[in-house]
Amino acid sequence: MLTADVRAFYGIEKDWALAGFFETEWHRQMMADLRAAILAGRLVAITGSVGVGKTMMLNRLQAELAASKDILVARSLSIDKPRVVLPALLTAIFLDVSGDADVKVPTQPEKRERKLQDLIRKMRKTVVLFIDEAHDLHGNTLTGLKRLMEIVQAGDGVLSVVLVGHPRLRNDLNKATMEEIGHRTTKFVFQGLGDDSRKYLDWLLKQCRAQKTTRQGDIIADDALDLMVECLSTPLQFTEQLTRAFTEAYKLGAKPVTREIVEETIAIGYDDLDARLARLGYNAKTLAEQFDTRLPEMRKFLKGHLDSERTQELGQMMRQVGLPI
């Protein structure tokens with residue numbers, strides 16, 4: 001976050017996080033496809049790396065769906081996703097479908113499922129459950145969600161589930177052992193800004209600077225922005241780099257921010273192997289568990305300190321599941 005002094009010096013009126021949602025034609029098409037999948041009662045997985053903009057887009061989508069007359073939005077708000085099991089997700093649906101914060105959810109599974117069937121049938125709406133950080137859900141929980149959707153459908157209702165997570169979620173769903181779920185899942189890949197990266201930067205600066213008194217070229221040089229586009233790809237990376245560059249330039253009393261300053265402030269190691277894998281949802285512990293190796297060995301691999309033979313072996317295993325090694 002930029003300090004008040006830095007913002008005043010460069011004529012930046014508001015924080016990057018308050019700029020709003022940068023919508024492209026790709027975003028509009030994806031949201032239309034998502035809405036169609038939800039209305040059809042599909043199990044949906046939306047995956048994308050850290051900072052790519054999933055949360056912003058989903059907040060907008062949920063707001064649009066909540067305003068519609070034919071869809072009711074339910075959300076799982078639990079922050080401890082590795083421990084979230086099916087009963088907790090059922091409670092979230094009961095709370096949002098009933099509209100009663102004190103609703104009593106039956107503890108006996110058979111009664112619970114029958115009551116949910118009845119609730120959703122009487123709603124005469126498609127109910128969609130959004131689950132963020134879904135890459136941390138256990139496979140048994142995903143199987144239970146698929147069965148729950150079938151139960152609701154059998155009761156003449158429609159329940160769609162939208163799983164949102166890192167690319168690890170997509171890779172897990174593509175495993176042969178997850179065929180029952182993966183083959184029934186409509187998958188959407190939320191990618192980086194791509195060809196719209198420079199448009200995004202120009203839009204972001206326009207939204208946040210004092211337009212009446214400040215020209216973009218007076219606060220940051222075009223070739224500095226071009227360098228960011230060459231090196232970075234996600235909104236989170238761009239906002240972090242802009243903060244670093246403006247902060248450093250302010251210390252130097254430089255205006256506009258130059259390409260040289262951006263070169264010096266781009267985070268060292270942002271494209272290292274461990275950083276790239278972390279953006280996809282894979283930390284050392286997750287990788288050690290998935291590839292059946294010890295945690296210290298995996299840490300050495302990520303830092304490039306493992307012997308070449310073992311490094312090649314682990315690298316081959318990771319490439320086979322689609323990791324960018």
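For the record, in the sequence shown the residue sitting at position 254 is 254 according to UniProt numbering, with numbers rising by one throughout. Where a beta carbon is used, it is the ideal one built from N, C-alpha and C, also for glycine. None of the values given here were measured: they were computed from a predicted structure.
query                                                                                                                                                                          : result
Measure from the alpha carbon of A183 to the alpha carbon of each residue in M1, E133 and L43, then state which is nearest.                                                    : The identity of residue 183 in the sequence shown is His, whereas the question assumes Ala. The residue with the shortest Cα to Cα distance from H183 is L43.
When you compare only the Cα positions, how much space is there between M298 and M317?                                                                                         : 13 Å
Label P296 either buried or exposed according to how many other C-beta atoms from any shown protein chain fall within 10 Å of its C-beta, with 16 as the threshold for buried. : exposed
Do three or more CB pairs link the region 28 to 43 to the region 155 to 164 at distances below 8 Å?                                                                            : yes
DSSP three-state label for F188, please.                                                                                                                                       : strand
Quick check on the burial criterion: 16 or more other C-beta atoms within 10 angstroms. Buried or exposed for L65?                                                             : buried
Check this for me: beta carbons of L129 and I151, under 9 Å apart or not?                                                                                                      : no
Would you report the Cα separation of W26 and Q108, rounded to the nearest angstrom?                                                                                           : 45 Å
Over what stretch of residues does the beta strand (DSSP E) that includes R75 continue unbroken?                                                                               : I71 to R75
By how many angstroms is the C-alpha of R276 removed from the C-alpha of V105?                                                                                                 : 42 Å
Does DSSP classify V6 as helix, strand or coil?                                                                                                                                : helix
Thinking C-alpha only, which one of R83, Q153 and L137 is nearest R114?                                                                                                        : Q153
Assuming D245 contacts V229 under a Cβ cut-off of 8 Å, what Cβ separation, rounded to an integer in Å, is found between them?                                                  : A small fix is needed here, since residue 245 is Ala in this sequence, not Asp. A245 to V229, Cβ: 13 Å. No contact.
Which parts of the region 211 to 267 are runs of the alpha helix (DSSP H), unbroken and 4 residues or longer, counting only runs that do not cross its ends?                   : 216 to 219, 222 to 231, 235 to 252 and 259 to 265
Where DSSP assigns a beta bridge to V44, which residues make up the other side?                                                                                                : V162 and T186
Once the 5 residues before and after T185 are set aside, which same chain residues still bring their CB inside 6 Å of it?                                                      : L43, A45 and L173
Verify whether the separation of the beta carbon atoms of L86 and G144 is less than 9 Å.                                                                                       : yes
Consult DSSP for residue 380 and reduce its assignment to one of helix, strand or coil.                                                                                        : Outside the displayed span of the chain (1 to 325) sits residue 380, for which this structure offers no information.
Applying the criterion that 16 or more other CB atoms from any shown protein chain within 10 Å of the CB defines a buried residue, is K199 buried or exposed?                  : exposed
Mind checking which residues open and close the alpha helix (DSSP H) that includes E313?                                                                                       : S308 to Q320
Who are the Cβ neighbours of G53 in its own chain at under 6 Å, not counting the five residues just before and after it?                                                       : P235
According to DSSP, simplified to helix, strand and coil, what is residue 348?                                                                                                  : The requested residue 348 does not occur in the structure, where the chain is confined to residues 1 to 325.
Exposed or buried, what is L77 when buried is set at 16 or more other beta-carbons lying within 10 Å of its beta-carbon?                                                       : exposed
In terms of residue numbering, what span does the alpha helix (DSSP H) encompassing A92 cover?                                                                                 : L86 to S98
Can you tell me which residues form a DSSP beta bridge with I12?                                                                                                               : R209
Unbroken beta strand (DSSP E) runs of length 3 or more, entirely within the region 15 to 42: which are they?                                                                   : none
Excluding five sequence neighbours on each side, which residues of the same chain lie with their C-beta closer than 8 Å to the C-beta of V97?                                  : L72, A74, L116, L119, I120, M123 and V127
Around the Cβ of A32, are there at least 16 other Cβ atoms within 10 angstroms (buried) or fewer (exposed)?                                                                    : exposed
Looking at P167 and S49, is the spacing between their C-beta atoms short of 9 Å?                                                                                               : yes
Identify whether I325 lies in helix, strand or coil by the three-state DSSP scheme.                                                                                            : coil
Based on Cα-Cα distance, which residue from G51, T24 and Q62 lies nearest to R35?                                                                                              : Q62
Which residue or residues does DSSP assign as beta-bridge partners of I131?                                                                                                    : L163
Given a threshold of 16 other Cβ atoms within 10 Å of its Cβ, counted over all protein chains shown, does M1 qualify as buried or as exposed?                                  : exposed
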